[in-house]
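The sequence shown maps to residues 16 to 266 in the working numbering.
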Amino acid sequence: MEAAANFFDSNVRRDWNLKSLLSFSHLTPHVQQHLQRVYTTLCVSLAVAAFGVYAHVLMNLGGLLTSLGFIGCVMWLLSTPSYETEKRYRILMGASFLQGLSLGPLVQLSSNVFDGDFGVVITALLGTVAIFASFSGAALFARRREYLFLGGILSSAVSAMLMLRFGSYLFGGASAMFNLELYGGLLVFVGYVLFDTQLIIERASKNDDDYIQHTLDLFIDFVGIFVRILVILTKKEVESSRKEDKRKRRE
16 MEAAANFFDS NVRRDWNLKS LLSFSHLTPH VQQHLQRVYT TLCVSLAVAA
66 FGVYAHVLMN LGGLLTSLGF IGCVMWLLST PSYETEKRYR ILMGASFLQG
116 LSLGPLVQLS SNVFDGDFGV VITALLGTVA IFASFSGAAL FARRREYLFL
166 GGILSSAVSA MLMLRFGSYL FGGASAMFNL ELYGGLLVFV GYVLFDTQLI
216 IERASKNDDD YIQHTLDLFI DFVGIFVRIL VILTKKEVES SRKEDKRKRR
266 E
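Okay, structure coming up:
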């Protein structure tokens, strides 16, 4: 009995060795260093965006102009030569701050729905971090190029949702389209986390060290997931409140 237990224990340790589980040996040191730089810059970008949200809550700065400013910064960054690293880094931080300002009204609206409680925002953020880390990690540990086929599928899905939205403007059904875009968009951005992570690995393995643009790709994915989770949570609370109001009126 003891021998069997020792045999089982040794096999469990061998199969579930944490060091082996978290091994990045399939990635070259160059790619690992590039990924470390990308994720570090992503954390800084998200912190700057959070500061942008806070700035809106204090001074009500977010709106259409900040959204246009974010788009302008992205275009500016993409048109700036990759060797101008410091300039592109500053542009990325500016874009992150403007995106944070643009998210401010949504964050404030969601907190107002919950009577000024920002707990829903924290819940949405933690949910986004969990989803992003899970799927980005899956892409890191998967075989190379395993998820690159998603590029065409995701592009087609985005095009289909745009066509459906345009159709809803012409023929009605905006409410149904909103739900489809909300949940479908969440799935699309989750797919993009897989795709973009593996694309970054593939590019880095070919000496494409543009960590700033790679950070921007993941930043957009993260924000896309966060927005949809926050809207879903807020929408459910609004629907729940309406049902509760109807029930009270009947009583």
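Yeah, the Cβ is synthetic: ideal placement off N, Cα and C, and Gly gets one too.
CA nearest to the CA of residue i, picked from the options
| i | options | result |
| --- | --- | --- |
| A64 | P44, T212 and I106 | I106 |
| I86 | L57, K258, G152 and L116 | L116 |
| Q114 | G239, L155 and V253 | G239 |
| T230 | T249, V208 and K251 | V208 |
| E252 | V128, L197 and L141 | V128 |
| F112 | S82, V136 and T143 | S82 |
| C88 | A157, N222 and I235 | I235 |
Short Cβ contact (8 Å threshold) for residue i with residue j
| i | j | result |
| --- | --- | --- |
| A70 | L76 | yes |
| G152 | F210 | no |
| A139 | L245 | yes |
| S220 | T43 | yes |
| G199 | A172 | yes |
| Q123 | V72 | yes |
| T143 | F66 | no |
Which of helix, strand or coil DSSP assigns to residue i
| i | result |
| --- | --- |
| K250 | helix |
| T212 | helix |
| G166 | helix |
| N7 | There is simply no residue 7 to check, as the chain begins at 16 and stops at 266 in what is shown. |
| K261 | helix |
| D224 | coil |
| A172 | helix |
| A148 | helix |
| A157 | coil |
| T95 | coil |
| S255 | helix |
8 Å Cβ cutoff, residue i in contact with chain C
| i | result |
| --- | --- |
| G119 | No chain C is present in this structure, which holds just one protein chain. |
Residues of its chain near residue i, where Cβ-Cβ distance is below 8 Å and the 5 sequence neighbours each way are ignored
| i | result |
| --- | --- |
| Y226 | H49, R52, V53 and T56 |
| M108 | V59, S60 and V63 |
| V242 | L118 and L121 |
| V205 | I146, F150 and I240 |
| T100 | I227 |
| L248 | S125, V135, T138 and A139 |
| I168 | G206 |
Own chain partners of residue i with C-beta closer than 6 Å, once the 5 adjacent residues on each side are dropped
| i | result |
| --- | --- |
| L36 | With a pLDDT of 38 at L36, under the threshold of 50, the modelled position of that residue is not reliable, and the figure given next carries that caveat. Excluding sequence neighbours, L36 sits near nothing in its chain. |
| F201 | Per the sequence presented here, residue 201 reads as Leu, with Phe not at that position. The residues are R243. |
Same chain, Cβ closer than 7 Å to residue i, neighbours up to 5 away in sequence not counted
| i | result |
| --- | --- |
| K102 | T95 |
| D132 | S126 |
Complete runs of the alpha helix (DSSP H) confined to the stretch 97 to 144 [at least 4 residues]: Counting only runs of 4 or more, we get 100 to 128.
Runs of alpha helix (DSSP H) wholly within the stretch 41 to 88 (minimum 4 residues, chain order): 44 to 74
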